[in-house]
Amino acid sequence: GDDIYYLYDPKNKAVERPGEGVDTISTWMSYKLPANFENLTVTGDKRYAFGNELNNIITGGSGQQTLDGLRGDDVLKGGSGADIFVVNPGNGSDLILDFGATDTVRVGSYGFTSFEEVRANMVQSGANVRLNLSDGEFLVFANKTIGEFTASQFKLAVDRSALELTFSDEFDTLDLWNGSSGTWDSNFWWGAANGSSLTSNKELQWYIDTNYAPTSSVNPFSVEDGVLTITAARAPEAIRPYINNYQYTSGLLTTYESFAQTYGYFEIRADMPEKQGVWPAFWLLPADGSW
């Protein structure tokens, strides 16, 4: 049958089999629809709502939500607040039901370089506006006219052809900081010699410092075919006295010692784990150590 799951805690997990009705998840948290769910409602302010491979109905609440149906032909409704809608090539054609004056669309790499080009690809279709994207995909704005749109409502993809490359790492090898040279430090700038953790987050792992000899038997980093893997694992008994008796190890990499830049375009391609209890992150932090 058709089911509705109300999720109030990150520990909650919803599972559905294929073809068993139209199923909905409602939550305050940022959330990505798992397989076999059709609809998602996210009510928390400054949260995101991601769909899946199916044709989804994605709904926001009061405040600001970021809505991205991902693949499939999706229906998006932001609710009140200045919402952000995301569309990218290959993700199908979507319908936005309530695009308001303070809402924005984050437009992927469709080749648009100006609002004038966006508007030139709009077609009035009855009470709705259809924005033709590429390869037969389009975005429909319900109950709008072309004249209502403004440039500030469209965030276009960055034209990277004019940018100068200042840093890159394809991870054919891993250039670790050795105390005087190298690219990647495996410890926070404030970390102890034996490594570190973030106790304020109640994290259960200890970040291994690759320069600390007593824990050198554990290396959370491996590189193969241009892919860097960071592995979290149970700590061997032999090294626990050297890592403040933490039971798990993991790794972090920071360019604190080697590279910093105030403005620019930053990109990472990574496969983030989605298992319960993990918290992967890609941070852009101030070089002065502040937040």
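According to my numbering, the sequence shown is numbered sequentially starting from 296. Ideal placement from N, C-alpha and C gives every residue a C-beta, glycine not left out. If you're wondering where the values come from, they're calculated on a predicted model, not measured in any experiment.
Subject >> Status (buried if at least 16 other CB within 10 Å, exposed otherwise) for I299 >> reply: Reading the sequence shown from its first residue, position 4 is the one you call residue 299. Label assigned to I299: exposed.
Original post:
Do you know whose CA, among V337, T557, V400 and T338, lies nearest V435's CA?
Top reply: For the purposes of this step, residue 435 is identified with residue 140 of the sequence shown, where counting begins at 1. If we check each option's Cα against that of V435, V400 comes out closest.
Subject >> Member of V310, N489 and S553 whose CA lies at the smallest distance from the CA of D470 >> reply: Locating residue 470 in the sequence shown gives position 175, where the first residue counts as 1. Among V310, N489 and S553, the Cα nearest to that of D470 belongs to S553.
Original post:
Nearest-angstrom Cα distance between P515 and G546?
Top reply: Residue numbering aside, residue 515 sits at position 220 when the sequence shown is read from its first letter. Residue numbering aside, residue 546 sits at position 251 when the sequence shown is read from its first letter. The alpha-carbon atoms of P515 and G546 are separated by roughly 5 angstroms.
**OP:** Would you mind giving the Cβ-Cβ distance between N307 and T319, rounded to the nearest angstrom? I have them listed as a contact below 8 angstroms.
**Re:** Looking up residue 307 in the sequence shown gives position 12. Looking up residue 319 in the sequence shown gives position 24. Beta-carbon to beta-carbon, N307 and T319 are separated by about 14 angstroms, too far to satisfy the 8 angstroms threshold.
**OP:** Check whether the region 364-378 touches the region 390-408, taking contact to mean three or more Cβ pairs, one atom from each stretch, closer than 8 angstroms.
**Re:** For the pair of segments examined, the region 364-378 was found to touch the region 390-408: the number of CB pairs separated by less than 8 angstroms reaches three.
Original post:
Does DSSP classify Y537 as helix, strand or coil?
Top reply: Position 242 of the sequence shown, counting from 1, holds the residue named residue 537. If DSSP states are grouped into helix, strand and coil, Y537 belongs with the helices.
Original post:
If we count Cβ pairs, one from each stretch, closer than 8 angstroms, do we get three or more for the region 466-480 versus the region 505-522?
Top reply: Cβ pair count under 8 angstroms is three or more, so yes.
Subject >> Beta carbon of V418 nearer than 9 angstroms to that of F444 >> reply: By one-based count along the sequence shown, residue 418 stands at place 123. By one-based count along the sequence shown, residue 444 stands at place 149. The criterion of a C-beta distance shorter than 9 angstroms is not satisfied by V418 and F444.
**OP:** Taking all protein chains shown into account, decide if W479 is buried (16 or more other Cβ within 10 angstroms of its Cβ) or exposed.
**Re:** Looking up residue 479 in the sequence shown gives position 184. W479 counts as buried, since at least 16 other C-beta atoms from the protein chains shown sit within 10 angstroms of its C-beta.
Original post:
G442 by DSSP, collapsed to three states: which one?
Top reply: Looking up residue 442 in the sequence shown gives position 147. Reduced to three states, the DSSP call for G442 is helix.
**OP:** Output the boundary residues of the beta strand (DSSP E) element that contains F380.
**Re:** For the purposes of this step, residue 380 is identified with residue 85 of the sequence shown, where counting begins at 1. It spans I379 to V382 - the beta strand (DSSP E) in which F380 sits, taken as one unbroken run.
**OP:** For the alpha helix (DSSP H) containing E411, list its first residue and its last residue.
**Re:** Sequence index remark: in the sequence shown, residue 411 carries index 116 (1-based). Element bounds for E411: F410 to A415.
Subject >> Span separating the alpha-carbon of S420 from that of E412 >> reply: Along the sequence shown, read from residue 1 onward, the residue named residue 420 stands at position 125. Along the sequence shown, read from residue 1 onward, the residue named residue 412 stands at position 117. The alpha-carbon atoms of S420 and E412 are separated by roughly 18 angstroms.
**OP:** Closer than 8 angstroms by C-beta to Y543: which residues in its own chain qualify, once you throw out the five before and the five after it? Chain order, please.
**Re:** Start at 1 with the first residue of the sequence shown, and residue 543 comes out as number 248. Here the set comprises L499, Q500, W501, A527, A528, R529 and A530.
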